[in-house]
Structures are given as C-alpha cells and as structure tokens.
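Here's the structure we're looking at; comments come further down.
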Amino acid sequence: MKYIDEFRDGQLARHIAASIVAEASPARGYALMEFCGGHTHAISRYGIEDLLPANVRMIHGPGCPVCVLPIGRVDNAISIAQQPGVILCTYGDLLRVPGSKRLSLLKAKAAGADVRMVYSAGDSLTIARDNPDRQVVFFAIGFETTTPPTALVIKQARALGLTNFSVFCNHVLTPAAITNILESPEVRELGTVPLDGFIGPAHVSTVIGSQPYEYFAEEYQKPVVIAGFEPLDVLQAILMLVRQLNEGRFEVENEFSRAVTRDGNRKAQAVVAEVFELRRVFEWRGLGMVPYSALCIKEAFADWDAERRFAVETVSVPDIKACECGTILRGLKKPVDCRLFGTVCTPESPMGSCMVSAEGACAAYWTYGRFRQSSQTPTKASS
Amino acid sequence: MTLQRKGPSIDFVHGRVDLTHGGGGRAMAQLVEELFVAAFDNDMLRQRNDQASFTVEAGRMVMTTDGYVISPMFFPGGDIGSLAVHGTVNDVAMAGAVPIALSASFILEEGLLLADLQRIVRSMAEASREAGVPIVTGDTKVVEKGKGDGVFISTTGIGRVPVGLDISGDKARPGDVILISGTMGDHGVAVMSQRESLGFETTLLSDSAALHGLVAAMVAAVPSIHCLRDPTRGGLATTLNELATQSGVGMMIREDAIPVRAEVRGACELLGLDPLYVANEGKLIAIVPAEEAERLLAVMRAHPLGADAAIIGRVVADDHHFVQMETSFGGNRVVDWLAGEQLPRIC
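Structure below.
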C-alpha cells in the first residue's frame, strides 16, 4: 500500500533503533509518554518496545477517548437508549464499555434497547432522516479529531430542521489532560514518577496544530515531538526526544510535518467554536475532575443537545476498588501491576476502561505484550 | 409420497414466501417438489422418506453441523447457499475425511422473494454437485416477518476417514511447522464491502470454496499431517489460538510470511481491522512434522486452491499457549484470541 508501507519499513526501523541505542546515554533513563491511544496501539502492534534499549521506557498516556469516559456518562447513555422510541448511535468501541451495575450498551441492546453501531457521525444523521418517528441520539466521544464532524452534523441537523436528532456530547480536550498529568503531585512535586518528554498526538494535532503544546513544553520544561501513528513515525519521534533530552532542549518538534502545521486546521477549529463551548469542569476516568477539559453544545444549538432534551444528570460513579486504571493512565503503574489485570479483568470481561478499547493501555498489554511477563519466552521461528 | 399437483406452478419471478410454505400443506409440498427436490435431485432424496437411507463402508466416520446466517445473503464470490455447502464440507474435510452426504435445513422468513430463494437453492445445488457431495435430506420452516432475516440455513455433513489418518486439533507438537493454503481475509472483506453502511467498493471476491479435494491431495502425499483447520470466524489468529490451547503448545509465526492481498490490507486499514482476525471460507491451516513441511507445501501449491500456500511459522513449547508473531517491523507481539465481535454475521 502506497504511503503506508513506507512508514512500516523494517529495515529503516532497525537503522533508527540503532541510532536510539547509540545516542541514549546509559547514564540516565528516558521516560517518555505517548499520549494517544493510537501510538499505544502502534507500539504494541509492531513490537516497538523490543527495538528500544532498556533505559528508554514508554509510558502509555490517557489518550484513548473510550478509556477516559467516566462510568457516569456511560450510565447516562444507557438510560437514554432505554427510553421508548430512542435509537442511540455510537462508535463500536463504546458498546462494550462497562457502566455501573455490570450494564453496557451491548447488554442494554440485548435487553431490547435500539443501539446501533455507526462508522461516522453522518451515519447517525442519515438514520434520523430515515426514522422521522424516532428520536435519534448520537453518543459523541473523542478528542479534537472527532469533534469537527460532530459539529458539522449538528449544523446540518439545524439546516435540515431535524427535530428528532440530538447529540450526547462527551468531546474532550488534549492539552487540558496533558497539563493535568504534569500538574499531578506525583509528577510535579514528589518527582517519584519520572516523565521526561511526550510523543504528541497525531490526528488531534492536524486539527489544533502544534502551537497549543508550546506552552507546557516551556512551562514544564518537557520536550514534545508530534508524531504520526505509523511505527516509523513513533520510532523517529523517540529518537528526536532522546536528542532533545541529551541536548537539554524542551521544544515542540513536529515529526508529522506531512499532516500537521503550527496553526492546524482553521476551518475545523471555526466550526467547533461555532457549535461548542468549554465546560467548566468534566470528569475523566483515571484523572478525576479536570477543569476546562471538555466541550458542551452552545445555547444556540440547544435543540440538538441530548443533555437538555433528555434532562441528563451525571452522577460520578467510582471505579471498582482494586482497578488501577487511574494510576496507569497517569503513568504511575503498569498494567501488570494491577491485581485485576488478566485475572478478573480481561478484554472479554473488562472491569476497567483501559481494558476495553484496543487502544487502552491494559488491552494493548494483554493483546500484544503479555509474553514479556511470561517466564519462558519461546525461541524465534526459524523456518 | 408423490405430489398430486393441482393449480398453477409457483411464481418464482414475483412470488414471496408466505406462512403456507411452512404449514405442512400443499403449498409446502409444492415448494419442496418444485424447488428443493428439483434442484438437489439425487437417488437418496428421491426416496422421499423422512430420512435418507444409504450404506456406508466400515471404518471411522465424522459428522459436523453448522448454521449460516450471513448478511447480506448474496456477496461477491458466493451466497448463503454455496457457503452452506462449502463450510460444512470443509469442516468434514478438516479431519482428512472424504465427505459423503449433507443435510440442509432452511428457516425462511415470511416475505422472502421466491426468486431469491430459488437463486440460493440453485447455487447450493451447484456447489453440492461441484463438490460431489449430495444433499440427501432436508427440512423447511417459515417464520413470521420480522422473526428472521430472509433465510437461515443449517447443514450437517458426514464423511469417512481414510485408514491411517489421525488428524486432530490436539496433535500439534513443538517443532512442527505451520502452513496456510493461501491469502487471509478475502471472505470477510468481500462481505463487508457489501454492507450498505460502509460505502466502499472492492473487486475482491470471497474465497468460499470446498477444500476436500485439496485435503485429499495433501493426506495422500503426507498422511502424517497432525492438524487441519479452516480459519473461518475470528480468522487465522483465533484459529491458531484454538489449536495452541487444544494441543497445549505455543506458536511462533512470522508476519511477512503470511500472504494478504493488497485490497484486503487496504480495506482493513480503512476500517481499523486486522487481516489476521478476518474470516476465510476457502483456506486451511495445516500443522505437520518439520521434515514433511516442504513436501506438503509443494503438494498444496500444485493444487488450484493452494497456489498461494506458505509456511508461516512453527509450533513451540510454551506453557502459556501463546501465539506470538515476529512483526515485519522487527518486534514481537502476542496474537491473541479475538475479543468481542469484529464483524458480525460473516458466515
């Protein structure tokens, strides 16, 4: 596949990996957080950690929108879906996310709720047009990447005068979450968690640009390298971070220059600004209440806001006690440090959010990385 | 029982299945006679009893059953009818067995176009004739509109295992070599391309095919084959995990040895799928002692259904029963069981 294979070239990977090994100083460690689930997935799927020296360690950040969605909001979506006459549309990953009382949208669907998996926000608008006698709700989640399409369908619904369509908005903001991690006492004050630099988001940055990261690179003195989601992008970004750290720099660099500019996509930003405004505070699973970290629908578009239409009240529901999703999302622990990991919490029956989505740190570890924990690692295939 | 037909023939152009077609009366008898018996015609079916009667040679028999609910009913390279023959023939063949006969049970939804039903039944008859495995007994039921989705088909197959073969999913041993008969993921992607909601087109065809001819050539040349299995739902990844667990071993495969068509890779990129988890309906996995691997590969490649066959890895000792893969990129990963449902109603 053109423009894909070039970024998965094993030969080139070995060259970059050799540079990382050569340039990483054995005298220090490099704790690098990839914020995005897309990067976590690439690291696991292509076995990138096998190519890194022991002192370059990847910490999997909270950039998986499914993982950070709080239980209370899942409960809200389930209760909307259970109302008579409602069709609830959402992305496939969300169907299995456990809410409280062991319910999920998938289980609600089995019990009779009309829950439909869509591939885009636009699909849910089509369903609304095809079902004028039903209330169609799009359960919207995601970072800045998926926000503009949601804004567009709300504008389209208004233009079409659709009265049976609304959006349950759960869009969240990347820079706020990164700041929250850097502000956490473990990272900022105690210094118990080394966090030396960030691999910056790929698709999110195509929308918001590289400029928003400049503040915290400067303020917290942590280098950021924005990288694409292909494995060579990730390796190259790791090399660039190692170099910045070696040279004592803390700049925002852009490895993903084929798609990301400093200013981002102004048109997309304008559409988002027209439809959405900042929430004063929003709960993130794992991070808790994070100020100004999410969006809600503006008053001007209130008719298409499911929170208003269905009078949604969100209650904060705590995670299962032993679940370590919160500490894992902040890089304090690894998935294998959790007592539930692989025992009662598996991708088939996830207890915590990190095990649900393929981009979640626990699911990625479970699916791709468990052999590192096994005492006996089989020998390589020689045939 | 011979039908004394009165009144006009069934209108296969404009007609639809209605509840009388499953009611046990004349309409049902007419449908059975004019459609199913006419299409599947063979000596055993012509006995017109509630059961097919036939003699079998002494020896070890195998039996399998499978339900087909695929949506859409018609897809590039096949339909639910041909799939219901191929899928069950293949399950028989994965014991190294020679398929003898099939049964077919139809659940029809009220309102199904008789033209569609006729197309499905004729396709099934053609697949059965091509495979040389007759459909010898059957059943038809009709459910009310909204209680089914057009047509569901169950087929059962029996087969005879040639003397000297002992092929089973628990026989993989460390050191054995793993082969596959061709490209992975064709069926799943061909079916996905027909789903209205996805809006993408492909020239790709399903690989749906009966594999017992390929298997016969393989076991004739290498009777010491340890395991055979067709990687259908859940794809190569899930099937290898089944075999690893059943045999109590681990597996180590190489990503760059696994043939995947460019169209399948492209579609999987777009849809966020992994070709290793996408269904196949005309491919098999073979596990053999290492010393037989190259010879088996040559036999497979000499058969039209094994032209793209490849050695993809080895069985290893591993108490965790992990299937691991050396990625083309140079790292290692665990290739796990499929969690949840990647593509619903794919077969």
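Those protein sequence lines, which keep their order, are chains A and B. Residues 1 to 383, numbered by my numbering, are exactly what the first sequence covers, in order. Residues 384 to 730, numbered by my numbering, are exactly what the second sequence covers, in order. The beta carbon of each residue, even a glycine, is placed where N, CA and C say it ideally should be.
Start-to-end residues for the alpha helix (DSSP H) that takes in residue i
{"i": "residue 391 of chain A", "result": "A query on residue 391 of chain A cannot be resolved here, the shown segment of chain A reaching from 1 to 383 and no further."}
{"i": "residue 572 of chain B", "result": "569–575"}
{"i": "residue 11 of chain A", "result": "10–23"}
{"i": "residue 254 of chain A", "result": "Element bounds for residue 254 of chain A: not the alpha helix (DSSP H) but the beta strand (DSSP E), 252–254."}
{"i": "residue 220 of chain A", "result": "Neither: residue 220 of chain A is in no alpha helix (DSSP H) and is coded neither H nor E."}
{"i": "residue 104 of chain A", "result": "Where residue 104 of chain A is concerned, there is no enclosing alpha helix (DSSP H), given that its DSSP letter is neither H nor E."}
{"i": "residue 149 of chain A", "result": "147–160"}
{"i": "residue 394 of chain A", "result": "For residue 394 of chain A there is no data in the structure shown, the boundaries of chain A being 1 and 383."}
{"i": "residue 432 of chain B", "result": "From DSSP, residue 432 of chain B is part of no alpha helix (DSSP H); its letter is neither H nor E."}
Whole-angstrom distance between residue j and residue i, CA atom to CA atom
{"i": "residue 414 of chain B", "j": "residue 680 of chain B", "result": "46 Å"}
{"i": "residue 425 of chain B", "j": "residue 517 of chain B", "result": "7 Å"}
{"i": "residue 134 of chain A", "j": "residue 167 of chain A", "result": "14 Å"}
{"i": "residue 256 of chain A", "j": "residue 228 of chain A", "result": "5 Å"}
{"i": "residue 474 of chain B", "j": "residue 571 of chain B", "result": "18 Å"}
{"i": "residue 632 of chain B", "j": "residue 555 of chain B", "result": "7 Å"}
{"i": "residue 401 of chain B", "j": "residue 492 of chain B", "result": "8 Å"}
{"i": "residue 308 of chain A", "j": "residue 74 of chain A", "result": "17 Å"}
{"i": "residue 333 of chain A", "j": "residue 540 of chain B", "result": "53 Å"}
{"i": "residue 480 of chain B", "j": "residue 612 of chain B", "result": "12 Å"}
{"i": "residue 709 of chain B", "j": "residue 336 of chain A", "result": "22 Å"}
{"i": "residue 698 of chain B", "j": "residue 547 of chain B", "result": "23 Å"}
{"i": "residue 498 of chain B", "j": "residue 456 of chain B", "result": "13 Å"}
{"i": "residue 559 of chain B", "j": "residue 673 of chain B", "result": "5 Å"}
{"i": "residue 305 of chain A", "j": "residue 312 of chain A", "result": "10 Å"}
{"i": "residue 132 of chain A", "j": "residue 342 of chain A", "result": "45 Å"}
{"i": "residue 384 of chain A", "j": "residue 53 of chain A", "result": "No answer is possible for residue 384 of chain A: it lies beyond the span of chain A, which begins at 1 and ends at 383."}
{"i": "residue 4 of chain A", "j": "residue 230 of chain A", "result": "8 Å"}
{"i": "residue 248 of chain A", "j": "residue 56 of chain A", "result": "16 Å"}
{"i": "residue 567 of chain B", "j": "residue 143 of chain A", "result": "33 Å"}
{"i": "residue 448 of chain B", "j": "residue 466 of chain B", "result": "13 Å"}
{"i": "residue 234 of chain A", "j": "residue 218 of chain A", "result": "22 Å"}
{"i": "residue 614 of chain B", "j": "residue 662 of chain B", "result": "7 Å"}
{"i": "residue 514 of chain B", "j": "residue 209 of chain A", "result": "59 Å"}
{"i": "residue 428 of chain B", "j": "residue 437 of chain B", "result": "11 Å"}
{"i": "residue 14 of chain A", "j": "residue 713 of chain B", "result": "7 Å"}
In DSSP terms, what residue i is bridged to
{"i": "residue 549 of chain B", "result": "DSSP, once it has assigned bridges, lists no residue as partnering residue 549 of chain B."}
{"i": "residue 524 of chain B", "result": "B/490"}
{"i": "residue 86 of chain A", "result": "A/135"}
{"i": "residue 58 of chain A", "result": "A/32"}
{"i": "residue 141 of chain A", "result": "A/170"}
{"i": "residue 344 of chain A", "result": "None, per the DSSP bridge assignment."}
{"i": "residue 654 of chain B", "result": "Residue 654 of chain B pairs with nothing; no bridge assigned."}
{"i": "residue 563 of chain B", "result": "B/668, B/693"}
{"i": "residue 709 of chain B", "result": "B/637, B/715"}
N- and C-terminal bounds of the beta strand (DSSP E) containing residue i
{"i": "residue 278 of chain A", "result": "276–278"}
{"i": "residue 30 of chain A", "result": "30–36"}
{"i": "residue 537 of chain B", "result": "534–543"}
{"i": "residue 598 of chain B", "result": "No beta strand (DSSP E) holds residue 598 of chain B; the alpha helix (DSSP H) holding it covers 595–604."}
{"i": "residue 241 of chain A", "result": "Looking at the DSSP string, residue 241 of chain A is not in any beta strand (DSSP E); the run it does join, the alpha helix (DSSP H), is 231–246."}
{"i": "residue 699 of chain B", "result": "693–699"}
{"i": "residue 633 of chain B", "result": "633–637"}
{"i": "residue 291 of chain A", "result": "288–291"}
{"i": "residue 449 of chain B", "result": "444–451"}
{"i": "residue 612 of chain B", "result": "610–612"}
Interface partners of residue i on chain A, CB under 8 Å
{"i": "residue 736 of chain B", "result": "No information on residue 736 of chain B is available, as it lies outside the stretch 384 to 730 that chain B covers here."}
Neighbour list for residue i in chain B, Cβ cutoff strictly below 7 Å
{"i": "residue 8 of chain A", "result": "711, 712"}
{"i": "residue 4 of chain A", "result": "652"}
Partners in chain B for residue i, counting only beta-carbon separations shorter than 9 Å
{"i": "residue 90 of chain A", "result": "Under the 9 Å cutoff, chain B gives no residues; its nearest Cβ is about 13 Å from residue 90 of chain A."}
{"i": "residue 1 of chain A", "result": "645, 648, 649, 652"}
Name the residues in the region 698–711 of chain B whose C-beta lies less than 8 Å from a C-beta of chain A; which are they?
-> 699, 700, 701, 702, 703, 705, 707, 709, 710, 711
Along the region 46–62 of chain A, what residues have a CB closer than 9 Å to any CB found in chain B?
-> 46, 47, 48, 49, 50, 51
Closer than 7 Å, Cβ to Cβ, to anything on chain A: give me those residues from the region 633–663 of chain B, in chain order.
-> 633, 635, 636, 637, 645, 648, 649, 652
Check distances from the C-beta atoms of the region 320–342 of chain A to those of chain B and list, in chain order, the residues that come in under 7 Å.
-> Answer set for the region 320–342 of chain A: empty.
With 8 Å as the limit, tell me which residues of the region 13–46 of chain A have their beta carbon closer than that to any beta carbon of chain B; keep them in chain order.
-> Using a CB distance below 8 Å, the part of the region 13–46 of chain A facing chain B consists of 13, 14, 17, 44, 45, 46, ordered along the chain.
Members of the region 390–413 of chain B near chain A, C-beta cut-off 7 Å = none
When Cβ atoms are compared, which residues of the region 620–632 of chain B fall closer than 8 Å to chain A?
-> none
Closer than 7 Å, Cβ to any Cβ of chain B: which residues of the region 220–251 of chain A, in chain order?
-> 231
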